[in-house]
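Student:
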Amino acid sequence: MAEPEPLGLWPGLAIGSLLFVLILLCVLGNLLVILAILIERDLRSRPQYYLIFSLAVADLMVGLLITPLGAWTTLRQKWEMGVTVCDFWISVDDKGFVSRVENQKICLISQDIAYQVFSTSTAFYIPLCAIIIIYYKIMRAAKKRFRRERDRRTLNRGVVDDSSVPLKTSKQMDFEEQNSSPTTQKYTATSGEKNNNNYPTNCSSPILNKQQNGRQFSESNNKVNFRSISE
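Position one of the sequence shown corresponds to residue 1 (the UniProt record's numbering), numbered consecutively onward.
(1) State the Cα-Cα distance for the pair ASN103 and LEU24, rounded to the nearest angstrom.
(2) Looking at the secondary structure, which residues open and close the alpha helix (DSSP H) in which GLN77 lies?
(3) Please state whether DSSP places SER45 in a helix, a strand or coil.
(4) Spatial neighbours of LEU32 within its chain, please: CB distance less than 7 Å, with the 5 preceding and 5 following residues excluded, ordered by chain position.
(5) Please say whether ILE15 and THR74 have beta carbons closer to each other than 8 Å?
(6) What is the DSSP secondary structure of GLY8, reduced to helix, strand or coil?
(7) Short check: CB of TRP89 to CB of ILE113, under 8 Å?
(8) What are the boundary residues of the alpha helix (DSSP H) that includes residue 291?
(9) Using only the alpha-carbon positions, how far apart do SER78 and VAL85 sit?
(10) Using C-beta distances below 8 Å, list every residue in its chain close to ILE52, excluding the 5 sequence neighbours before and after it, in chain order.
(11) Of all the options ASP42, TRP72 and GLY8, which has the alpha carbon lying nearest to the alpha carbon of PHE146?
(12) Helix, strand or coil for GLU40 per DSSP?
(13) Apply the 10 Å Cβ neighbour rule to residue 233 and answer buried if 16 or more other Cβ atoms are within range, or exposed otherwise.
(14) Are the CB atoms of VAL27 and LEU64 nearer to each other than 8 Å?
(15) Whole angstroms is fine: what's the gap from TRP10's alpha carbon to TYR115's?
(16) For ASP151, does the count of other Cβ atoms within 10 angstroms reach 16, so buried, or fall short, so exposed?
(17) Given GLU40, which residues of its chain have a CB within under 7 Å of its CB, disregarding the five upstream and five downstream residues?
(18) From ARG157 to ARG44, what does the alpha carbon distance come to, in whole angstroms?
(19) When the distance is taken between beta carbons, is ASN30 closer than 8 Å to LEU60?
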């Protein structure tokens, strides 16, 4: 029996591109699932995610070890990597490619075609679609959780920045009140009785000091004028 020839340029390019996209999706998808479970503490604390983690690791090994060799064999239409690699490939592959690699003979379908289609669909295609949907939902949940954690950290960072503004303690306020001038203390006490608002009145002002000094100066001038008139 003659060996099959390699695929042509355009058929090989089309099949190779499709196989490359499938391998890339398999590796990246399972790698993202593994990283999501390893990074998120809530996912690690739930026992049901250990099964998903093990499935993702198994699928990642298939995408890295099994599928590339199978794709190359499909494109070349023969095995070109030696017996050792062939034994390794068969040992780690769950299906095996013994009939295509070693036994050069025609495989006959001894069972009903409808049963073969049903068996292949239920054993491979339906679980594949279910796994893709589940992995997509896991990635969406992990993405939402990551955004929620990022927003929470940003909010906490803003609260910490606002709380870092220094506030005056009671000791500092007492110290400032003791070191203030007597005129300011008198004005503070008087204004505190008249003012019922919550505005601080224990602060000294240059304008207030000038007014007090002007009053004292005018009172002293009035006393001097009264003495001169009386004399």
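All residues carry an ideal CB built from backbone N, CA and C; glycine is no exception.
Tutor: To lay it out plainly:
(1) Taking the first residue of the sequence shown as position 1, residue 103 is located at position 103. Taking the first residue of the sequence shown as position 1, residue 24 is located at position 24. The pLDDT assigned to ASN103 is 41, lower than 50, so where the model puts this residue is not dependable; a value taken from the coordinates is nonetheless given after this. Roughly 31 Å between the two C-alpha positions.
(2) One-based indexing of the sequence shown puts residue 77 at position 77. Segment: none, GLN77 is in no alpha helix (DSSP H) and carries neither H nor E.
(3) If you number the sequence shown from 1, residue 45 lands on position 45. Coil, per DSSP.
(4) Within the sequence shown, the letter at position 32 stands for residue 32. The residues are MET139.
(5) Residue mapping note: residue 74 aligns to position 74 of the sequence shown, counting from 1. Residue mapping note: residue 15 aligns to position 15 of the sequence shown, counting from 1. A contact, by the Cβ cut-off of 8 Å.
(6) Walking along the sequence shown from the start, residue 8 turns up at place 8. GLY8: coil per DSSP, three-state reduction.
(7) Counted from its first residue, the sequence shown places residue 89 at position 89. Counted from its first residue, the sequence shown places residue 113 at position 113. Contact flag unset, no.
(8) With the chain running from 1 to 231 in the structure shown, residue 291 is simply not present.
(9) If you number the sequence shown from 1, residue 78 lands on position 78. If you number the sequence shown from 1, residue 85 lands on position 85. Sequence check: residue 78 is Lys here, not Ser. Looking at the two C-alpha atoms, the distance is approximately 14 Å.
(10) Within the sequence shown, numbered from 1, the residue matching residue 52 stands at position 52. Around ILE52: VAL33, ILE37, ILE134 and ILE138.
(11) Mapped onto the sequence shown, residue 146 falls at position 146. The residue with the shortest Cα to Cα distance from PHE146 is ASP42.
(12) Position 40 of the sequence shown, counted from the start, is the residue given in the question as residue 40. If DSSP states are grouped into helix, strand and coil, GLU40 belongs with coil.
(13) Absent from the structure is residue 233, since the part of the chain shown begins at 1 and ends at 231.
(14) Indexing the sequence shown from 1 puts residue 27 at position 27. Indexing the sequence shown from 1 puts residue 64 at position 64. The answer is yes: Cβ separation under 8 Å.
(15) The residue given as residue 10 occupies position 10 in the sequence shown. The residue given as residue 115 occupies position 115 in the sequence shown. Their Cα atoms are separated by approximately 34 Å.
(16) Walking along the sequence shown from the start, residue 151 turns up at place 151. Label assigned to ASP151: exposed.
(17) The count along the sequence shown starts at 1 and reaches residue 40 at position 40. If we look at GLU40 and ignore the five residues flanking it on each side, its Cβ neighbours are ALA142 and ARG145.
(18) Against the sequence shown, residue 157 aligns to sequence position 157. Against the sequence shown, residue 44 aligns to sequence position 44. Going from the Cα of ARG157 to the Cα of ARG44 covers about 26 Å.
(19) As a working note, residue 60 is residue 60 in the sequence shown. As a working note, residue 30 is residue 30 in the sequence shown. Yes. Within cutoff.
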